[in-house]
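Going from the sequence shown to the numbering used here is simple: count from 1 and add 6. Just so it is clear, CB atoms sit at the ideal spot from N, CA and C, and this is done for glycine as well. One structure is given below, encoded as structure tokens.
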Amino acid sequence: MKIKSAKFIKGVVGTDSLLENPGYGYAKAPVALREKILKLTKWYLVDSGYKQKKVVLIIDAYVGPTSNDLEMLRILEKENKNVIVIANKVDKLRSSDKIKQLKKIQMTFPNYKVIPFSAEKKIGLDKLVKEIMS
7 MKIKSAKFIK GVVGTDSLLE NPGYGYAKAP VALREKILKL TKWYLVDSGY
57 KQKKVVLIID AYVGPTSNDL EMLRILEKEN KNVIVIANKV DKLRSSDKIK
107 QLKKIQMTFP NYKVIPFSAE KKIGLDKLVK EIMS
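Here's what the structure looks like:
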């Protein structure tokens, strides 16, 4: 499922609300749209005045960390955000590639526990919920 617009979802797993935002790296979107999404995301996280309790940074496990992911993490760290890193789409990787990709992602984000995840197959959902609620 592709997220095409930002929306608040009330009452999600121990939260007041959850902002579901389109990915700034969405590959099929025009560059101008991706840049607009990235700018909107930065505004929400830094300048909106809204205090996020936790921020989930979703890395595409198949693609690996991108320059936008690294830029976003720098912003989140500078703003002292409580970050949860997930490696999404692990179900799309062959077993042999999965270990290699997860290791690469973990090495890129050494200060974070990276949660292997699949939104489609619900892999890692329990771990993510536990992290959100802790």
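Hey, residue 99 and residue 68 are a contact pair by Cβ (cut 8 Å); roughly how many whole angstroms apart?
-> On the sequence shown, position 93 is the one that residue 99 refers to. On the sequence shown, position 62 is the one that residue 68 refers to. At roughly 6 Å, the Cβ-Cβ gap stays under 8 Å, so residue 99 and residue 68 are in contact.
DSSP on residue 63, reduced to helix/strand/coil?
-> In the sequence shown, residue 63 corresponds to position 57, counting from 1. Residue 63 falls in the strand class under three-state DSSP.
Return the first residue and the last residue of the alpha helix (DSSP H) that residue 37 is part of.
-> Looking up residue 37 in the sequence shown gives position 31. DSSP places residue 37 inside the alpha helix (DSSP H), whose first and last residues are 37-48.
Would you call the CB atoms of residue 90 and residue 61 closer than 9 Å?
-> Numbered from 1 along the sequence shown, position 84 holds the residue referred to as residue 90. Numbered from 1 along the sequence shown, position 55 holds the residue referred to as residue 61. Result yes, Cβ atoms of residue 90 and residue 61 sit closer than 9 Å.
Local conformation of residue 140 per DSSP, three classes | Here the question's residue 140 lines up with position 134 in the sequence shown. Three-state result, residue 140: coil.
Rounded straight-line distance, which links the Cα of residue 56 to that of residue 114 = Here residue 114 refers to the residue found at position 108 of the sequence shown. Here residue 56 refers to the residue found at position 50 of the sequence shown. Roughly 28 Å between the two C-alpha positions.
What did DSSP end up calling residue 96 once you bin it into helix, strand or coil?
-> If you number the sequence shown from 1, residue 96 lands on position 90. Residue 96: helix per DSSP, three-state reduction.
If you draw a straight line from the C-alpha of residue 139 to the C-alpha of residue 40, how long is it?
-> Residue 139 sits at position 133 when you count from the first residue of the sequence shown. Residue 40 sits at position 34 when you count from the first residue of the sequence shown. So the alpha carbons of these two residues sit roughly 30 Å apart.
Boundaries (first-last residue) of the alpha helix (DSSP H) holding residue 121 = As a working mapping, residue 121 is identified with position 115 in the sequence shown. No alpha helix (DSSP H) holds residue 121; the beta strand (DSSP E) holding it covers 120-122.
Closest by CA to residue 83, which one among 38, 63, 72?
-> As a position in the sequence shown, residue 83 is number 77, starting the count at 1. Checked all of 38, 63, 72; the closest Cα to residue 83 is 63.
What residues in its chain sit with their C-beta under 6 Å from that of residue 124, if we drop five residues either side in the sequence?
-> Here residue 124 refers to the residue found at position 118 when the sequence shown is read from its first residue. Here the set comprises 96, 97.
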